[in-house]
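Data first, discussion second: the structure below is written as structure tokens.
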Amino acid sequence: MTMEPEESLEDFLARLRTQILRCGYEPAQVNRELRDRCVLGSRGELQRKLVREAALKGDELNLEDVRRTARAHRDVMDLTTRLSGAPVPAATDGEAVQVDRLPLVTLSVNGRETEMLVDTGSPVSIVADGSIPGLKLRPSKMQLRSFTGQPVPVRGEATVQAEYGGQRKRLNVVVSGQLRHHPLLGRDWLREIRLDWRSLLQVSEASKWRTMEPVGAGTPAE
């Protein structure tokens, strides 16, 4: 679930809470799930601020911190509008973020050390055909497009063994027919693997960011 354009974080939080309560989480888990999903499902500049906050505070980040950051962001936007007389721009979708500002993380995927670009704007994780060993492809209804809107061929989907920081998960990945692009770690993996955001932030401050090849987020075919 992601924020709608012009939706406030409080309204998004209300929708998330309804969904999470239906899932039967223990009371102690509810706020943690709400915190994580607010970060992953937010948009544009707000999301970048929340990711930075998560990187700085790690597991000490709580739901009230997220709400406070969102309120401060909204206040700045409102003040800018009053001073400039211009309308508040619509929330930027994840696909519109600068692709040369995506952080890198190294995981073991099917036993191979793999450097992936973390993109919280992408709902799925994507690899190029031939980049990961041992893939057993199955048909996929996913549609991929480049950041310029051009369709990208999809070879299929596969299940891989991913390892990071002592975590081991069997995860789904979409395999694109576009060669030589960086593997992309999307929100589906982020829900399963807890990254060391503090280290990612330190890497970003050292200017070790990479430009992603133009493979964008995907959507299921109708």
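Residue numbering for the sequence shown follows our numbering, starting at 13 and increasing by one per position.
A virtual CB, placed ideally from N, CA and C, is assigned to each residue, including glycine.
Given the structure is predicted, the values throughout are model-derived calculations rather than measurements.
In three-state terms, what does DSSP make of V51? As a first step, residue 51 must be located in the sequence shown, where it is residue number 39. Looking at V51 - three-state DSSP - the assignment turns out to be helix.
Which same chain residues, not among the five before or five after E72, have their C-beta less than 6 Å away from its C-beta? Within the sequence shown, the letter at position 60 stands for residue 72. Nothing listed; no residue qualifies.
Tell me which residues share the same chain as N184 and place their Cβ nearer than 7 Å to its Cβ, disregarding the 5 neighbours each side in the sequence. Here residue 184 refers to the residue found at position 172 of the sequence shown. Excluding positions up to five away in sequence, the list reads E169, T171, D200.
Quick one: what's T126 bridged to in DSSP? Looking up residue 126 in the sequence shown gives position 114. Bridge partners of T126: L119.
Under 7 Å: does the beta carbon of D48 sit that close to some heavy atom of the ligand MN? Of the ligands one can find in the structure shown there are none, so the ligand MN has no counterpart to examine.
Please go through the segment 128 to 190 and give each complete beta strand (DSSP E) segment of 3 or more residues, from N-terminal end onward. 138 to 140, 154 to 157, 166 to 176, 179 to 188
Three-state class that DSSP yields for L207 in the structure shown: The residue labelled residue 207 in the question sits at position 195 within the sequence shown. Note: L207 maps to coil in three-state DSSP.
If you draw a straight line from the C-alpha of T104 to the C-alpha of H85, how long is it? Within the sequence shown, the letter at position 92 stands for residue 104. Within the sequence shown, the letter at position 73 stands for residue 85. Unreliable placement is indicated for T104, whose pLDDT of 35 sits below 50; the coordinate value is still reported in the next sentence. Distance between the alpha carbons of T104 and H85: 14 Å.
Residue(s) in a DSSP beta bridge with L197: Against the sequence shown, residue 197 aligns to sequence position 185. L197 pairs with V130.
With distances taken between CB atoms, is the gap from F24 to G56 smaller than 8 Å? Along the sequence shown, one-based indexing puts residue 24 at 12. Along the sequence shown, one-based indexing puts residue 56 at 44. No, the pair does not count as a contact, with Cβ atoms beyond the cut-off.
Taking the CB atoms as reference points, tell me whether K50 and L33 lie closer together than 8 Å. Counting from one through the sequence shown, the residue named residue 50 turns up at place 38. Counting from one through the sequence shown, the residue named residue 33 turns up at place 21. In the sequence as displayed, the identity of residue 50 is Cys instead of Lys. Result no, Cβ atoms of C50 and L33 do not sit closer than 8 Å.
Hey, how far is the Cα of A82 from the Cα of P39? On the sequence shown, position 70 is the one that residue 82 refers to. On the sequence shown, position 27 is the one that residue 39 refers to. Cα to Cα, A82 sits roughly 24 Å from P39.
Can you look up P39 in the DSSP assignment and give me helix, strand or coil? Working through the sequence shown from its first residue, we reach residue 39 at position 27. Of the three classes helix, strand and coil, the one that applies to P39 here is helix, per DSSP.
Would S188 and L156 qualify as a contact pair, given that the criterion is a beta-carbon distance under 8 Å? As a first step, residue 188 is located in the sequence shown; it is residue number 176 there, counting from the start. As a first step, residue 156 is located in the sequence shown; it is residue number 144 there, counting from the start. Yes, they are a contact pair.
Rounded Cβ spacing between D131 and L197 (contact assumed at less than 8 Å): Taking the first residue of the sequence shown as 1, we reach residue 131 at position 119. Taking the first residue of the sequence shown as 1, we reach residue 197 at position 185. About 7 Å; that satisfies the 8 Å criterion.
Delimiting residues of the alpha helix (DSSP H) encompassing A25: By 1-based counting over the sequence shown, the position of residue 25 is 13. What sits at residue 25 in the sequence shown is Leu, not Ala. 21 to 34 is the span of the alpha helix (DSSP H), which, as asked, contains L25.
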